[in-house]
Amino acid sequence: MRSYLGLYFTRIGFSVATALIGVFFALPLVWFIFAPFNPRAELGLSIPAPFSLANFEAVFQNGFAMRGLWNSLVQSVGGVILVGGGATLASYALSRSPIPGKSVITYILLLFSSVVSGSAAMVPIFLIINGIGLIDTQIAVILVFAGGLLPTAMFILRDFIDSIPKSYEESAMVAGASPVQAFFDVALPVIRPGIVVVVVWAFVSIWGSFLIPFILLRSSEKMPASVAIYSFYSEAGTPIVTLLAAYSLLYSLPVVILYLFVSWKFGFRFFGGIKA
Amino acid sequence: MKSFSLLSRGTGVAFLAPAGLLIGAFVIAPFFWVIFVSFTNRSLLGRTAVDPDFVGLANYFSLFDAATFFTRGEFGSSLILTIQFVLLSAVVGQAALGMLLAWMLQSVPKSLKHLTETVAIGAWILPEVVIAFAWFAFLDYENGTLNMIMEALGFPRGDWLLSFPFWAIVVFNTWRGTAFSMMLFNSAFSSIPPSYFQAADVAGASSWQKFRDIGFPLIRGHVVTDLILITMWSFNVFTPFLLTSGGPSYRTEILPIYTYRIAFRDFDFGKGAAVGVVVMLINLVFALFYLWVMRRRAKGVAA
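Going line by line, the protein sequences match chains U and P. The opening position of the first sequence corresponds to residue 76 in the numbering used here, with each subsequent residue numbered one higher. The opening position of the second sequence corresponds to residue 1069 in the numbering used here, with each subsequent residue numbered one higher.
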């Protein structure tokens, strides 16, 4: 009897504590949810009355803001194509071809990619990009992101491909397909869910990043949204809060949508394990 | 008999080439190049930009110069600050809070569980500049949400980013990253057979006893994984820069921000590279430890 009462009180205590911690997590986000819809938004929290989309109108009419979002899209899509394509081919080769020392290669790549972090490598990456004359180009940002994300992408995909029976491709080849045909027509459709996860992860990583474009880009018309957002200041140097708030929400939307898509399709565990 | 394989060695190499080139150029080359540059006085402008001199260990001596090691704004002070930042925001903040949340979420109503998970994950997935700006508004002196609450509760307002900048980035990083630990521990706890806990309930065990004797011992392996990963991430995180730019007066200048200032504000690439090498050596220790743990677990040794 006593122990059931104890369980009951534990549940209540835990619920109260969880709710408090939940509030701690929610508080900094509350402003971000209301301010975009408030045409008189300031840094202070106030519930917009009435709700208005005027701030979004201002963002859509701001050519600089829209170009920032467009640049983010160009850089993310470009990076995703290289990461998705490169990782698919490479991890398929690591899984299916007789290259010696395959697991050593995978581990070494993983080791390098966690040692060479953005902050440790910013100097040499700047110098390499500078050396090949790509400073202030979008392609530089795309290449650097692709290189940095590929090892992890390959690691995830290789795990995935190893779990698929080889007999699918083998039977295609018995029926006369070439290895390359067996890859494109038989293996690729089966690997697709793994590629989707890697592609979404790479997109979200590039879309949200600040440091790499901040270091490699100079001209304001090439900046992605993450860097462009820092120019929404009035001439007096105060932030134009209404514009910033609405822009932040627009800029966050793809990440939220992709996250919901992945957790609906594959469950949390994928996303939880692969953010690096 | 020669084993049958789907791809010939040639095709395999061709398939590996695009990824290999990109990783070679932007992961492996920077690793070696940063070591090389750290022995030079390379800068962004002037003669040493095109024709740097070999300076041997001079950059390292300047980093580890005992006379300035503890001076604020110098390498040593930044390193100590970073270690405190990682211990407080990752180990104590993210891991402990994530563990507490995950444990409590096992026994709270479903709707509360989902709500809490949603906001914590929101803090984790939203782009860093958006999060930084939301926190800027949250901590604002004049109208910020936090000061509004402080006032309503009868406490004095605080100019948090100026008076407690270090604690601001510690709480910020805890807030930002706890979701990962929470999800990891949550799935670890749910993989424990419920009968273990039911048996303990029948014996009248308290929640703390169940945690200490059943929950924690069974997920110890996950704790190790979590600690290594979040330590590495927090050690390399640049996001606090968006909140404080390393200031005021270097009080939040953790190593990634310090590296950025030395290299891209002072244009001293040689010294910036030397810091990069030290950071990479520390990363290497963590990464090797992580791989060792993973391999041990893959081989089926109880973790």
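Glycine included, each C-beta is placed from N, C-alpha and C at the ideal position.
Run through the DSSP bridge pairs and tell me what residue i is partnered with.
i	result
P:S1111	P:D1336
P:F1122	P:T1108
U:P314	U:Y308
How long is the line joining the alpha carbons of residue i and residue j, rounded to whole angstroms?
i	j	result
U:A101	P:A1188	8 Å
P:A1163	P:T1246	7 Å
U:G223	U:F336	24 Å
U:V190	P:T1108	22 Å
U:P111	U:A300	16 Å
P:F1137	P:F1354	24 Å
U:S127	U:Q136	16 Å
U:L263	U:W339	22 Å
U:I200	U:V134	33 Å
U:F89	P:N1254	15 Å
P:S1145	P:V1160	21 Å
P:E1053	U:A221	Limits of chain P in this structure are 1069 at one end and 1371 at the other, which puts residue 1053 of chain P out of reach.
U:R142	U:G283	16 Å
U:K177	P:L1074	15 Å
P:T1150	U:I315	33 Å
U:Y83	P:T1184	20 Å
U:I270	U:A92	40 Å
U:E363	U:S147	This structure cannot settle anything about residue 363 of chain U, because the visible part of chain U is limited to 76 through 351.
U:I203	P:I1096	12 Å
U:L104	P:I1325	25 Å
U:F289	U:Q213	12 Å
U:E117	U:A321	12 Å
P:V1198	P:L1352	31 Å
U:F230	U:L184	9 Å
U:Q150	U:I287	11 Å
P:T1242	U:A250	57 Å
U:A257	U:V158	22 Å
U:I236	P:I1260	29 Å
P:A1200	U:P175	46 Å
U:D260	U:I180	27 Å
U:V330	U:S323	12 Å
P:R1365	U:S170	21 Å
U:L352	U:L333	What is shown of chain U runs 76 to 351, which leaves residue 352 of chain U out entirely.
P:S1130	P:F1223	45 Å
P:F1320	P:V1176	For the record, residue 1320 of chain P in the displayed sequence is Thr; it is not Phe. Rounded to whole angstroms, P:T1320 to P:V1176 spans 37 Å at the Cα level.
U:T317	P:L1194	19 Å
U:I207	P:G1092	15 Å
P:Q1266	U:V272	37 Å
U:T85	U:Y79	10 Å
U:L144	U:I87	46 Å
U:L120	P:N1211	7 Å
U:P254	U:M248	7 Å
U:F107	P:A1202	6 Å
P:F1248	P:P1233	24 Å
Please return the same chain residues whose Cβ sits closer than 6 Å to the Cβ of residue i, not counting the five positions on each side in sequence.
i	result
P:L1156	V1238
P:Y1264	I1282
U:G348	Confidence at U:G348 is low in this model, with a pLDDT of 42, below 50, so its placement is unreliable and the value that follows should be read with caution. If we look at U:G348 and ignore the five residues flanking it on each side, it has no Cβ neighbours.
P:Q1213	It is worth fixing the name first, because residue 1213 of chain P is Thr in this sequence and not Gln. Counting only Cβ-Cβ distances below 6 Å, and skipping sequence neighbours, we find F1206.
P:Q1174	F1257
P:L1286	I1260
U:A165	M229
Between residue i and the rest of its own chain, which residues show a CB-CB distance below 8 Å, the 5 nearest in sequence each way excluded?
i	result
P:H1290	L1252, F1253 and A1256
P:T1299	V1154, A1158, V1159 and F1354
P:G1124	F1107
P:I1296	F1354, F1357, Y1358 and V1361
Would you check if there are 3 or more beta carbon pairs closer than 8 Å linking the segment 1342-1349 of chain P to the segment 1275-1293 of chain P? no
Relative to chain A, which residues along the segment 1163-1181 of chain P have a C-beta separation below 9 Å, given in chain order? Looking at the structure shown, chain A is missing, and the protein chains on hand are U and P.
Restricting to runs no shorter than 3 residues, where is the beta strand (DSSP E) found entirely within the segment 232-301 of chain U? none
Residue ranges of each alpha helix (DSSP H) run of no fewer than 4 residues wholly in the segment 1164-1224 of chain P, ordered along the chain? 1165-1173, 1178-1193, 1196-1207 and 1213-1220
Count the C-beta pairs between the segment 147-154 of chain U and the segment 276-287 of chain U that are closer than 8 Å, then say yes if the count reaches three, no if not. yes
Pair every Cβ in the segment 1082-1092 of chain P with every Cβ in the segment 1306-1320 of chain P, then say whether three or more of these pairs are closer than 8 Å. no
Which runs of the alpha helix (DSSP H) spanning at least 4 residues fall entirely within the segment 1273-1317 of chain P, listed in chain order? 1275-1278, 1288-1303 and 1308-1312
Tell me the start and end of each unbroken alpha helix (DSSP H) in the segment 193-229 of chain U that is at least 4 residues and wholly inside, in chain order. 193-206
Could I get the ranges of all uninterrupted alpha helix (DSSP H) runs contained in the segment 151-195 of chain U, with 4 residues as the minimum, in chain order? 177-190
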